[in-house]
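Enquirer: Heads up: the sequence lines are chains A and B, in that order.
Per our numbering, residue 1 is the first one in the first sequence, and the count goes up by one each step.
Per our numbering, residue 1001 is the first one in the second sequence, and the count goes up by one each step.
A virtual CB, placed ideally from N, CA and C, is assigned to each residue, including glycine.
Remember, predicted model here, so these are calculated numbers, not experimental data.
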Amino acid sequence: ATLAPNFLNQLLESEQDEGQVCSKVLASLQREQASRGKHDRLNTFTIMCKMADQTLFGLVEWARNSTLFKELKVEDQMVLLQSCWSELLVLDHLCRQVTYGKQGCIYLVTGQQIEVSTIISQAGVTLSSLVSRAQDLVSKLKALHLDRHEFVCLKYLVLFNPDVKSVQNRRQVEQTQERVNRALMEHTQQTHQGHSDKFGQLLLRLPEVRSISLQVEEYLFQRHLQGDLPCNSLLTEMLHTKRS
Amino acid sequence: KKKDNALLRYLLDKDDTV
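Right, dumping it as structure tokens:
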């Protein structure tokens, strides 16, 4: 039981500082805008894609900095990330909302806030439904009082998925998943003794994250087919590789 | 055969010490 807190702290070590992530994404967007003329400004959707793209770079960096992930061969690292990138993006978004988001607003990685009602009134049916689903999940997670330790465990559970096809070292991925699962269970039991099934409640959110992430991919792919997605991005590469 | 994600491979493989 005394080993679990150390293990959780080890998982937290590779977490990125929100302020640094925000600065990096902002700097990248500003570089992009500065390189364009007055009549060549990016539209809102393209800016959102570039924000997601930069966040994705950050998530790959996060995985790379993790001791447990480093133990895997690059081939396995590739298939795991290729399989869960959209879930990691959704989880990252959810955590940001739980931590910083105000009621009725979406908090972006750049620190900007957008009212949900504005998005719903301007976006199409699919995007509106996605935003609503994500906001419902944010409410559920807020009600569960998700903490940093629990959030990082969910990220690891999504990343170390032994069910991913063509993983070579399945045993190691499975062992890591089991270890994180146990640490999460012990943590929820110790810190939320009044809440008898917080662990179960947290795990039940993962299929919802998965479902939203699949809808995100489908939406992005449709926009890609319409030629709306910026080229030469990690986001497009992930989408392409998964679909090919 | 599946397409290889060259950008992801580069990001995972790159040497940060140089």
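1) Give me the residue from Gln190/A, Phe160/A, Asp147/A and Gln112/A with the minimum Cα distance to Cys22/A.
2) At a CB-CB cut-off below 8 Å, which residues of chain B make contact with His224/A?
3) Return no unless some Cβ of chain B is closer than 9 Å to the Cβ of Thr241/A.
4) Among all the DSSP beta bridges, which residues are the ones paired with Glu115/A?
5) With a 10 Å radius around its C-beta and 16 neighbouring C-beta atoms as the bar for buried, classify Arg96/A as buried or exposed.
6) Does the beta carbon of Asp1004/B come closer than 9 Å to any beta carbon on chain A?
7) Of all the CB atoms in chain A, is at least one closer than 9 Å to the CB of Asp1015/B?
8) Counting only C-beta atoms, is Leu81/A closer than 9 Å to chain B at any point?
9) Can you tell me whether Tyr156/A is buried or exposed? The criterion is at least 16 other CB atoms within 10 Å of its CB, across all chains shown.
10) In its own chain, which residues sit with a C-beta less than 7 Å from the C-beta of Gln30/A, not counting the 5 before and 5 after it?
11) From Gln175/A to Gln189/A, what distance separates their C-alpha atoms?
12) Whole angstroms are fine: how far does the CA of Glu237/A sit from the CA of Val60/A?
13) Between Arg133/A and the rest of its own chain, which residues show a CB-CB distance below 6 Å, the 5 nearest in sequence each way excluded?
14) Would you call the segment 1002 to 1011 of chain B in contact with the segment 227 to 244 of chain A, where contact means no fewer than 3 C-beta pairs closer than 8 Å?
15) Reducing DSSP to helix, strand and coil, say where Pro207/A ends up.
16) Output yes if chain B places a C-beta closer than 9 Å to the C-beta of Val74/A; else output no.
17) Grab me the residues of Thr100/A's own chain with a C-beta within less than 7 Å of its C-beta, minus the 5 sequence neighbours each way, in chain order.
18) Is it true that the segment 193 to 207 of chain A meets the segment 113 to 132 of chain A, where meeting means three or more beta-carbon pairs spaced less than 8 Å apart?
19) DSSP on Gly58/A, reduced to helix/strand/coil?
20) Can you tell me whether Val125/A is buried or exposed? The criterion is at least 16 other CB atoms within 10 Å of its CB, across all chains shown.
21) Could you name the residues of chain B that Met51/A contacts, counting a contact when the two beta carbons are closer than 7 Å?
22) What residue range is occupied by the uninterrupted alpha helix (DSSP H) comprising Thr250/A?
23) Quick one: grab the DSSP three-state call for Ser132/A.
24) Measuring only the C-alpha atoms, how far is Glu13/A from Ala183/A?
25) Residues of chain B with a CB under 9 Å from the CB of Leu159/A: which are they?
Expert: For this structure:
1) Gln112/A
2) Correct list: empty, because the minimum Cβ distance to chain B is about 15 Å.
3) Yes - at least one Cβ of chain B is within 9 Å of the one on Thr241/A.
4) Cys105/A
5) buried
6) yes
7) no
8) yes
9) Under this definition Tyr156/A is a buried residue.
10) none
11) 21 Å
12) Note on geometry: alpha-carbon atoms of Val60/A and Glu237/A lie some 13 Å from one another.
13) Ile212
14) Yes, they touch.
15) helix
16) yes
17) The question names Thr, but residue 100/A in the sequence shown is Tyr. Cβ within range, chain order: Tyr107.
18) no
19) Look at Gly58/A here: in three-state DSSP terms it is helix.
20) Classification of Val125/A: exposed, given that the 10 Å Cβ count is below 16.
21) Result: empty, since nearest Cβ-Cβ is about 18 Å, beyond 7 Å.
22) The structure shown does not extend to residue 250/A, since chain A is modelled only from 1 to 244, so the question has no answer here.
23) Note: Ser132/A maps to helix in three-state DSSP.
24) 15 Å
25) None at all; the shortest Cβ gap to chain B is about 13 Å.
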